[in-house]
Amino acid sequence: MWAEGWATAMAARDGPDIRLDLRSDPFAVRDALGLLRTEPGFRALGPEAGGQVEIVLAEVLNNVVEHAYAGDGGWISVHLCRDAGAVGIEVRDHGRPMPGLCLPDGTLPELGGEIPEGGFGWFLIRSLTRDLKYSRDGTSNRLSFNIPLDQ
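Under the UniProt record's numbering, residue 151 is the last one in the sequence shown; the count climbs by one each step, no gaps.
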């Protein structure tokens, strides 16, 4: 799909699943999240669960753009699948691996005189998800998690 001159995202529905493929670019992330909001399966989640999914995906995708690809081009694949009690999400990319092949612990930064610009993303991700897992397979990063629908 072409959106505002950027080859950004393609959504394909596979039954109740939603798949997104997007460039590693902040504008592509924005456009992909906008596209996601138009999907009937996403809208069926309702505003609260849909908002949680969108917050987590925004944090995860922006982390991939900023840290895994760090300005290099590349693609990110997202797969969402809803079951009775949760939305399962898998994000794959071919960027740099997580440091130490481990997820950040999500500890909030110390709040002194000035509020830091970053450091809250992994806290949010860990707070809103369950079964958060990271793995590296060759040149591919895989992050998977569930977002409960009854929070």
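All C-beta atoms, glycine included, are put in the ideal place defined by N, C-alpha and C.
Just so it is clear, the structure is predicted and the values come from calculations on it, not from any experiment.
Helix or strand or just coil, what does DSSP make of residue i?
| i | result |
| --- | --- |
| Phe120 | coil |
| Asp105 | coil |
| Arg126 | helix |
| His94 | coil |
| Asp31 | helix |
| Gly41 | helix |
| Gly88 | strand |
So, at 6 Å on beta carbons, what are the nonlocal neighbours of residue i in its own chain, with the 5 sequence-adjacent residues on each side left out?
| i | result |
| --- | --- |
| Lys133 | Ser144 |
| Leu101 | Arg136 |
| residue 161 | It is not possible to answer for residue 161, since the shown part of the chain is limited to 1 through 151. |
Can you check which of these residues, the options, is closest to residue i by C-alpha distance?
| i | options | result |
| --- | --- | --- |
| Gly74 | Phe42, Asn146, Thr139, Pro148 | Thr139 |
| Ala44 | Arg19, Ser127, Ser77, Arg82 | Arg82 |
| Thr129 | Arg96, Phe120, Gly88 | Gly88 |
| Asn62 | Gly121, Ser127, Ile147 | Gly121 |
| Ala32 | Ala70, Glu54, Arg96, Ser127 | Glu54 |
| Phe27 | Leu103, Asn141, Gly71 | Gly71 |
| Glu110 | Phe123, Pro99, Leu103, Met98 | Phe123 |
| Gly95 | Gly46, Asn141, Val29 | Asn141 |
| Pro40 | Arg30, Val29, Arg19 | Arg19 |
State yes or no: is the C-beta of residue i within less than 8 Å of the C-beta of residue j?
| i | j | result |
| --- | --- | --- |
| Ala68 | Leu149 | no |
| Asp25 | Val64 | no |
| Leu35 | Ile76 | no |
| Gly51 | Phe42 | no |
| Leu80 | Asp17 | yes |
Note down, in chain order, each residue of its chain lying with its Cβ closer than 8 Å to the Cβ of residue i, except the 5 sequence neighbours on either side.
| i | result |
| --- | --- |
| Ile125 | Val56, Glu59, Val60, Gly106, Leu132, Phe145 |
| Arg37 | Arg43, Gly50, Glu54 |
Segments of 3+ residues assigned as beta strand (DSSP E) that fall wholly inside the segment 36-83:
75-82
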